[in-house]
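Residue numbers (the working numbering), protein chains in the order written: chain W, 1 to 341; chain R, 342 to 751. Glycine is no exception: its CB is placed at the ideal position from the N, C-alpha and C atoms. In what follows, a single structure is set out as structure tokens and then discussed.
The following block contains the structure:
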């Protein structure tokens, strides 16, 4: 079987020449393309295994999408301004995880960004600079501190009216995690790639024999070094995807909840601009969330935040007067990346 | 009726429904005596899904899990988020004093045993569809509900879907003229198998893939078609007078015992027809009901209802762009009968809610207020028996009259 490699076209590349058999199938979900790679010696169960994996991904989408009218997140967005809303433990636990991540990242990651996301129109693929009034109203409805999660009653409540949850920054990663959990119970080694921005693997085959290249944000198709996933997840956020330029300024879908007018943080405007951030983490939801946060925070503010995540690594790709540069914390061979560049 | 009027009324109807759903109440506001401790018999995929839905209803706790297959207990505890007491024998679960109500999500062939035992234990029961695998199963379950006086809600969740309710209301009021035909599809493209864990033997295979074996399964007609068949019964206000069906194991020849494609035609007393199609090799048409009336059509899916008006209908307000495919064109094509290719209207746009969650809310509300659910033992019996009737037609490869089926002479 000739391995089709969608990763090469986007943010990651893998080394060609693998001769060992594996199974691969893709399906559209959560606004992106999920590709599932299996290394399974019991190939006769291929059909039902893929089916179960994609059903699990679909289940997560149906639960956490803010676009599907029957999703739990839409219900919470509709009702939580009016009072506490009880939800099931899975949804509640992911919200607790997200809020804790907001706290640890000083608000750079924030799932209450829903109104702001809608105002900018990135998710709807119609990005534009919102009017000042729209932006002010959206900004007022953002703030993880106003998300009240009562662990005793398992309830969600918005303390500011008009708030909206948007789990887009971690939902794909969470779906990857759940799908990999399912495959673990079936004893199958696997790698799952969600739109090239979230990728995770388990088992020896994909973890140790499939190097993943981190894409060069400028030179399309080239990579800036490789990593082995080794039973962990890799997530990348960057301005190459979903950004637009207006009045000489780049606006990214990675919205800054702290300073909503731009993706740039409160850093000195003379500092190098973050082009791309990659995170290696034990699971994909954490990798996704941290990747967004580190993109917003940049290396200067992000370094202290990363101390709270000793099992995670970060690589920033920066653009400044001297061209591209790299900065990493616990990232494998960061120095080599810088030298090669 | 004008198109705009149809949409306006539909939206107003949904608004009222939505209002009822909002501000549903937080668990803090539920009196301790109104909390419902639920026992679950059958913690497979469907059981876990319904547990999640039940846990989104304020004042519900899952107090017991029962499954023969031990890994399901661990999966169920992940759903509840606690070390929920577990049982491998459903009778032990029913012996537990703190269980107020029971959710039965076991294989179809076991519904009668589990639902009847749960009713006889004095609990209200949410029994997954179809009601029972055979006519006898359905009769016994209905009799048990009547004998015990305990509430039984059958898992026909679309009974509570606002877009289904509104569509039926509009149809009753003549919104699409006289309904003569319903075509329903449940088309999938998969083998309907669950993957097996390492080392699983034939027993585990049959347990996890029970839908493929006659002992427990009613096949595609029961597992997929029961919703649509029950809907047609409700729409036509009657059970069918006869059914014919055809199908076979024609693609997935993997040792299964139930058909991988089934097509049934049901005739109703008023001269209406339901054509129901179930396949597992193509998903273009997905799951939908197409309701054809002399003045218009409604297409129902799992998320919305789409309304189409017949372009020639008196007082038609259909704008020109909606009549693509119906315009007069000279030439060899008989364009008047080209399929409609416009978008139609969505009467209940953007107001969809999860039908399973609505069904769970109804169940808990009915327990607290001691009222009957819409999908009670009568609706469940009607749908379950109709499914069994169709399966008899499929098995015998001949037209079966309802009267002979009920008399046990088919």
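Residue i, buried or exposed, once every other Cβ within 10 Å from all chains shown has been counted against 16
i: residue 28 of chain W; result: exposed
i: residue 290 of chain W; result: buried
i: residue 67 of chain W; result: exposed
i: residue 132 of chain W; result: exposed
i: residue 65 of chain W; result: buried
i: residue 246 of chain W; result: exposed
i: residue 625 of chain R; result: exposed
i: residue 288 of chain W; result: buried
i: residue 411 of chain R; result: exposed
i: residue 217 of chain W; result: buried
i: residue 208 of chain W; result: exposed
i: residue 514 of chain R; result: exposed
i: residue 433 of chain R; result: exposed
i: residue 508 of chain R; result: buried
Beta carbon proximity, residue i to chain W, threshold 8 angstroms
i: residue 531 of chain R; result: yes
i: residue 706 of chain R; result: no
i: residue 534 of chain R; result: yes
i: residue 422 of chain R; result: yes
i: residue 752 of chain R; result: With chain R covering only 342 through 751, there is no way to say anything about residue 752 of chain R.
i: residue 552 of chain R; result: no
i: residue 501 of chain R; result: no
i: residue 357 of chain R; result: Bear in mind that the predicted position of residue 357 of chain R carries a pLDDT of just 33, short of 50, making it unreliable; the figure below should be weighed with that in mind. Chain W, which has no Cβ nearer than 8 angstroms to the Cβ of residue 357 of chain R, makes this no.
Residue range of the alpha helix (DSSP H) that includes residue i
i: residue 722 of chain R; result: 718 to 737
i: residue 489 of chain R; result: 476 to 489
i: residue 566 of chain R; result: 566 to 577
i: residue 173 of chain W; result: 168 to 185
i: residue 390 of chain R; result: 386 to 395
Test: residue i CB closer than 8 angstroms to a CB of chain R
i: residue 209 of chain W; result: no
i: residue 179 of chain W; result: no
i: residue 80 of chain W; result: no
i: residue 187 of chain W; result: yes
i: residue 124 of chain W; result: no
i: residue 100 of chain W; result: no
Partner residues on chain W for residue i, Cβ-Cβ distance less than 9 angstroms
i: residue 397 of chain R; result: 72, 75, 85, 86, 87, 88 and 91
i: residue 417 of chain R; result: Going along chain W, no residue has its Cβ under 9 angstroms from residue 417 of chain R, so there is no contact; the nearest lies around 11 angstroms.
i: residue 387 of chain R; result: The premise fails here: residue 387 of chain R is roughly 12 angstroms from chain W at the closest Cβ pair, so nothing lies under 9 angstroms.
Contact set between residue i and chain W, taken where Cβ atoms lie within less than 8 angstroms
i: residue 642 of chain R; result: Ordered by position in chain W, no residue passes the 8 angstroms Cβ test against residue 642 of chain R, which lies about 11 angstroms from the chain.
DSSP state of residue i mapped onto helix, strand, coil
i: residue 162 of chain W; result: coil
i: residue 153 of chain W; result: coil
i: residue 312 of chain W; result: coil
i: residue 291 of chain W; result: helix
i: residue 275 of chain W; result: strand
i: residue 66 of chain W; result: coil
i: residue 455 of chain R; result: helix
i: residue 441 of chain R; result: coil
i: residue 616 of chain R; result: strand
i: residue 333 of chain W; result: coil
i: residue 148 of chain W; result: strand
i: residue 24 of chain W; result: strand
i: residue 34 of chain W; result: strand
i: residue 686 of chain R; result: strand
i: residue 245 of chain W; result: strand
i: residue 321 of chain W; result: coil
i: residue 585 of chain R; result: strand
Chain-ordered neighbours of residue i on chain R, where CB pairs are closer than 9 angstroms
i: residue 51 of chain W; result: 531, 532, 533, 534, 535 and 536
i: residue 45 of chain W; result: 534, 536 and 537
Delimiting residues of the beta strand (DSSP E) encompassing residue i
i: residue 378 of chain R; result: 377 to 382
i: residue 541 of chain R; result: Counting along the chain, residue 541 of chain R falls outside any beta strand (DSSP E), and DSSP gives it neither H nor E.
i: residue 602 of chain R; result: 602 to 608
i: residue 234 of chain W; result: 233 to 238
Where residue i meets chain W, residues with beta-carbon distance less than 7 angstroms
i: residue 369 of chain R; result: 84 and 153
i: residue 695 of chain R; result: 70
Where residue i meets chain R, residues with beta-carbon distance less than 8 angstroms
i: residue 164 of chain W; result: What residue 164 of chain W touches in chain R: nothing, since even the nearest Cβ is about 15 angstroms away.
Partners in chain R for residue i, counting only beta-carbon separations shorter than 7 angstroms
i: residue 48 of chain W; result: 532, 534, 535 and 536
Min CB distance residue i to chain A below 8 angstroms
i: residue 393 of chain R; result: Annotation note: the requested chain A is absent from the structure, which comprises protein chains W and R.
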